[in-house]
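Peer 1:
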Amino acid sequence: MSATFERIWEELVPREGNAATVAGEMVRAAGRLRYDFYNNGMGNNTSGALKFLREKGAIDKELFEYVLPYTTGRLYEGNYDGDFFHHAIDRIVEMTTKMVTYNPQLMTMENTEDMFDYSDEDLDETCPECGGIGYDDYADEDCYMCDGSGFVDQ
-9 MSATFERIWE
1 ELVPREGNAA
11 TVAGEMVRAA
21 GRLRYDFYNN
31 GMGNNTSGAL
41 KFLREKGAID
51 KELFEYVLPY
61 TTGRLYEGNY
71 DGDFFHHAID
81 RIVEMTTKMV
91 TYNPQLMTME
101 NTEDMFDYSD
111 EDLDETCPEC
121 GGIGYDDYAD
131 EDCYMCDGSG
141 FVDQ
């Protein structure tokens, strides 16, 4: 983490629960995504954190759409040292840090939300074709692993 992110984390994020300021909740959300990536391979439901950051304008649509599939059950199995997803997570932290530091009013603006209120349901159903984790209703959506074909593209 950057020194600036670490500093604003220490200043604004409580040990438990949602932050008192909008900036604090944004930093908390970015930190949650980063922690889950490096410590759990995106195995936890972090959709609320990502959606909260998008709602507040901290991240752009392309970054949001790229990371979203990994936030409710799709495990990351790539390179932790430089692939696109690794850079995407680092970019989320960087963009959030810039949003907060360039908009200091966010550091005093009262927060009335919890990032977890933005969360999707966990996608704990398995694909009948490949056994991968995907959407609950395969009639409407394709599996993240095999796109519904049964063949996993690596």
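Using my numbering, read the sequence shown as starting at -9 and increasing by one per residue.
Cβ coordinates follow ideal geometry from the N, Cα and C atoms, glycine included.
(1) Checking 8 Å against the spacing of the C-beta atoms, do ALA39 and ALA13 come in under that value?
(2) I'd like the list of long-range same chain contacts for LEU65, defined as Cβ closer than 8 Å, with 5 residues on each side in sequence excluded.
(3) Flag this pair as yes or no: are the beta carbons of THR36 and THR11 separated by less than 8 Å?
(4) Give the secondary structure of THR91 by DSSP, where H, G and I count as helix, E and B as strand, and everything else as coil.
(5) Go to ASP34, then tell me how far its alpha helix (DSSP H) extends in each direction, as first and last residue.
(6) Let me make sure I understand the geometry here. Which of SER(-8), GLU(-4), GLY7 and THR(-6) has the alpha-carbon closest to that of MET105?
(7) Report the partner residues of GLU100 according to the DSSP bridge assignment.
(8) DSSP state of VAL3, grouped into three classes?
(9) Going by C-alpha to C-alpha distance, which of GLU(-4), TYR56 and GLY47 sits closest to MET183?
(10) Taking the alpha helix (DSSP H) that LYS51 falls in, what are its first and last residues?
(11) Taking the alpha-carbon positions, what's the GLU45 to GLU100 distance?
(12) Using C-beta distances below 7 Å, list every residue in its chain close to LEU53, excluding the 5 sequence neighbours before and after it, in chain order.
(13) Using CA atoms only, rank isn't needed, just tell me which of PHE74, THR91 and GLY68 is closest to ARG(-3).
(14) Any idea if ALA9 is buried or exposed, counting beta-carbon neighbours within 10 angstroms, 16 or more meaning buried?
Peer 2: From the atom records:
(1) no
(2) GLY31, MET32, GLY33 and ILE123
(3) no
(4) helix
(5) Correcting the residue identity first, residue 34 is Asn in this sequence and not Asp. Careful: ASN34 lies outside any alpha helix (DSSP H) and carries neither H nor E.
(6) GLY7
(7) THR11
(8) coil
(9) Residue coverage of the chain in this structure runs from -9 to 144, which leaves residue 183 outside it and unanswerable.
(10) 51 to 57
(11) 16 Å
(12) ALA78, ARG81 and ILE82
(13) THR91
(14) buried
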